[in-house]
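Trainee: Let me begin by handing over the structure; questions about it come next.
Numbering (my numbering), first residue to last: 424 to 551.
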């Protein structure tokens, strides 16, 4: 996931630097902010939020199995039952992607994007 985040950040930053999207005098600052925005959003949406969420789901399944006196870590543990927390964690992925992407977007909109909005005033898009 980290490799994807870095690759996406580099790609978006280089496209902003090489493109003619911004007025030439503001290209460096605007491309840097665009890359920083991409990095923070990606690390939040692709690594931090999903990692935390899946960890919590797995922990809940472990606690439920433990509360039911089902052994998942001992020498007599059924391998299929022992794999259940991981399987449930993996099965949650399709259901958490979109909500967590939207949460990351909201977090960015209400925090960092508000902070650097004044710096974006020079990021006038040049229409040709």
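Positions of the beta carbon are idealized from the N, C-alpha and C atoms, including for glycine.
Buried or exposed: which applies to residue 523, given that a residue is buried once 16 or more other Cβ atoms fall within 10 Å of its Cβ?
Mentor: For the purposes of this step, residue 523 is identified with residue 100 of the chain shown, where counting begins at 1. Classification of residue 523: buried, given that the 10 Å Cβ count is 16 or more.
Trainee: Taking the alpha carbon of residue 425 as the point to measure from, which residue in 537, 442, 465 has its own alpha carbon closest?
Mentor: Position 2 of the chain shown, counted from the start, is the residue given in the question as residue 425. Closest by alpha carbon: 465.
Trainee: What does a CB cutoff of less than 7 Å around residue 509 pick up in its chain, not counting 5 residues either side in sequence?
Mentor: Here residue 509 refers to the residue found at position 86 when the chain shown is read from its first residue. Within the same chain, residue 509 has close Cβ partners 481.
Trainee: From the DSSP output, read off the bridge partner residues of residue 427.
Mentor: The residue you call residue 427 lines up with position 4 of the chain shown. The partner list for residue 427 (beta bridge, DSSP) is empty, contrary to what the question assumes.
Trainee: For residue 503, is the classification buried or exposed, using 16 other Cβ atoms within 10 angstroms of its Cβ as the cut-off for buried?
Mentor: One-based indexing of the chain shown puts residue 503 at position 80. Label assigned to residue 503: exposed.
Trainee: Apart from the five residues just before and just after residue 531, which ones in its own chain have a Cβ nearer than 8 Å to its Cβ?
Mentor: On the chain shown, position 108 is the one that residue 531 refers to. Around residue 531: 460, 463, 464, 467.
Trainee: Give a yes or no on contact between the segment 468-487 and the segment 512-529, applying the rule of three or more CB pairs nearer than 8 Å.
Mentor: Touching, yes, given that three or more Cβ pairs across the two stretches are closer than 8 Å.
Trainee: Just how far apart, CA to CA, sit residue 442 and residue 541?
Mentor: Position 19 of the chain shown, counted from the start, is the residue given in the question as residue 442. Position 118 of the chain shown, counted from the start, is the residue given in the question as residue 541. When rounded, the distance between both Cα atoms is 22 Å.
Trainee: Given a threshold of 16 other Cβ atoms within 10 Å of its Cβ, counted over all protein chains shown, does residue 445 qualify as buried or as exposed?
Mentor: Mapped onto the chain shown, residue 445 falls at position 22. Buried, by the Cβ-count rule.
Trainee: Any idea what DSSP makes of residue 489, helix, strand or coil?
Mentor: Along the chain shown, read from residue 1 onward, the residue named residue 489 stands at position 66. It is helical.
Trainee: Quick one: grab the DSSP three-state call for residue 504.
Mentor: Along the chain shown, one-based indexing puts residue 504 at 81. Correct three-state label for residue 504: helix.
Trainee: Going by DSSP, what residue range makes up the alpha helix (DSSP H) through residue 458?
Mentor: As a position in the chain shown, residue 458 is number 35, starting the count at 1. 450-465 is the span of the alpha helix (DSSP H), which, as asked, contains residue 458.
Trainee: Give the straight-line distance between the Cα atoms of residue 535 and residue 527, rounded to the nearest whole angstrom.
Mentor: On the chain shown, position 112 is the one that residue 535 refers to. On the chain shown, position 104 is the one that residue 527 refers to. In a straight line, the C-alpha of residue 535 is about 11 Å away from that of residue 527.
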